[in-house]
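Data first, discussion second: the structure below is written as structure tokens.
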Amino acid sequence: MGINRLQQKAFSKYNRRLKLNTIAIIDYGMSNLSSVVKAVKHVAPNDNVIITSNSNEINNADKIIFPGQGAAKKCMESIYDKRLDSVIRKSSQEKPFLGICMGMQVLMDYSDENQGTNCLSIIEGKVEKFKTKSNIKIKIPHMGWNKIIKKSDHPIWYKIDSESYFYFVHSYFINPADKSSVIGETKYGDIFSSVIAKENIIAIQGHPEKSSYTGLQFLKNFIETKY
Amino acid sequence: MSVTKRIIPCLDVDNGRVVKGVKFVDIKDAGNPVEVAKRYNDQGADEITFLDITASSNNRKTILNVVEDVASQVFIPLTVGGGISSVRDIRALLNSGADKITINTAAIKNPELILEASDAVGNQCIVVAIDAKKKINSTNQISWEIYTHGGRNPTGINAVEWAAEMEQKGAGELLVTSMDKDGTKQGFDLELMKAINDKVNIPIIASGGVGTLEDLYNGIKIGKADAVLAASIFHFGTYTVNEVKEYLANKGINMRITHE
């Protein structure tokens, strides 16, 4: 026996009073979500954290987290297979939306990865590969802890100093058209955009879920900030 | 300013507990994995590696529980090694909260496993462990040969060529141990580290033989390692991770120093 509509209404009113948020972590089958889920649950013990590939659940959630690992082409194929492209586009325009790693890259127009991959075109710009220059050898992937230099004040930086360390693992980086959206930069060989904020969207190339206390603060800021 | 060199404490896990021992003799209980991992995290460890030394395979579930418990409370990269031989094993560990997997013997038995695994879960998850011993031939040429089973079984494979092959197959990182130096506290085999580093363009973790802080410095400065893995200097309380990092930072190595 399920709960009836009256009970449901009462329950959601109760949730609102408790400020219980539903945070949806989008599962499109392309990443190991367990680290993200564990970190989000750790910083939001009273919120309702769901892992979902269901459009209705994503539409009903209060905040969206869009992680991702692996290759761009497979990620895009997987997004289309699960018919998630339109709900990702819609939710990123309507509510707080956090892209992490590949979940940042596929928001762009196009990635150089896999002989070229068209992405979601939610944010204008492209995704490029790190290049080793003749004078400085840089290893690819960019793997390990690196500094993020704050480029502007933004609520996502609450209690996080400029030049704080985050954990990165990636071979490609974004090059957004609108430079004013860049709120964090990182140097690896050249300087690249490691955090952007545009309207509802925040996206980070590093892995806050693996960046110890600093990363947890970043996730907490995303979850607790009112937009 | 760029990516920092990493300090990685390595914990041996036997039946769900952290153990410390010298060369598998005199194994002592060194505590609950969550508590130990938390302590190293708070000391500024950049990653933590768990080596599952549980002998019996029917206890494989125990390591999944350990990873699950640690990953729920410690939010830095976790690597797990020991007895992993299939994509199924890898997925089970990643689903429990591991971020990377190290593979050794299984890659030698079946090099295609690395291709299959990196294709399935991404090369950032796949660390290939290389155990090598130095060889000098009749014309005084130095090479290194891969060994399996903790240095007991020679394979005839050249370690430097193997490193390049593993990079091609999709290894995201290499964990290089000198069997000549392991357990000796004489420092890393710097020539081996450097030879592999010159050949590949993926990160290298140096392991085996750390006795002093200078050994770690040399591994990074001369051996060109991107990360160093050490067990006994941390477990026996010789140094904390912070002390190691401050020493290396003072000598000009790029380190993530935390003040938690």
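Residue numbers (my numbering), protein chains in the order written: chain L, 1046 to 1272; chain G, 538 to 797. Where is the CB? At the ideal position from N, CA and C, for every residue including glycine.
Check, Outcome
"8 angstroms Cβ cutoff, L/Lys1178 in contact with chain G", "no"
"L/Ile1110: first and last residue of the uninterrupted beta strand (DSSP E) it sits in", "1108-1111"
"Exposed unless 16 or more other CB atoms sit within 10 angstroms - verdict on G/His686", "exposed"
"Neighbour list for G/Ile742 in chain A, Cβ cutoff strictly below 8 angstroms", "Reference to chain A is not applicable here, since the protein chains of this structure are L and G."
"L/Tyr1125 in three-state terms, based on DSSP", "helix"
"Identified DSSP bridge partners for G/Phe773", "BP columns for G/Phe773 are empty, so no partner."
"Inter-residue Cα distance where the pair is G/Asp549 and G/Pro570", "9 angstroms"
"Same chain, Cβ closer than 8 angstroms to G/Thr616, neighbours up to 5 away in sequence not counted", "Ile545, Glu584, Ile585, Thr586, Phe587, Ala635, Asp636, Lys637, Ile638, Thr639, Val664"
"Sub-8 angstroms separation of G/Arg543 and L/Trp1190 beta-carbons", "yes"
"Length of the line joining the Cα atoms of L/Gln1114 and L/Lys1184", "19 angstroms"
"Residue range of the alpha helix (DSSP H) that includes L/Phe1267", "1257-1269"
"Nearest-angstrom Cα separation, counted from L/Gly1148 out to L/Asn1105", "20 angstroms"
"Contact set between G/Ser482 and chain L, taken where Cβ atoms lie within less than 8 angstroms", "Lying before the first or after the last residue shown, residue 482 of chain G is absent from chain G, which here runs from 538 to 797."
"Inter-residue Cα distance where the pair is L/Lys1171 and L/Ile1068", "28 angstroms"
"Chain G contact residues for L/Trp1190, given Cβ-Cβ distances below 8 angstroms", "Val540, Thr541, Arg543, Asp583, Arg793"
"C-alpha gap between L/Val1082 and G/Leu601, whole angstroms", "17 angstroms"
"Straight-line gap, L/Met1273 to G/Gly709 (C-alpha atoms, nearest Å)", "This structure gives no information on residue 1273 of chain L, because the portion of chain L shown stretches from 1046 to 1272."
"Rounded C-alpha distance that separates L/Ser1156 from G/Leu729", "37 angstroms"
"Buried versus exposed, by CB contacts within 10 Å (16 or more), G/Tyr754", "buried"
"Nearest neighbour of G/Gly748, chosen from G/Ala768, G/Lys731, G/Ile742 [CA to CA]", "G/Ala768"
"Residue range of the beta strand (DSSP E) that includes L/Trp1190", "1187-1195"
"Range covered by the beta strand (DSSP E) that runs through G/Asp551", "543-551"
"Any C-beta of chain L under 8 angstroms from that of G/Leu712", "no"
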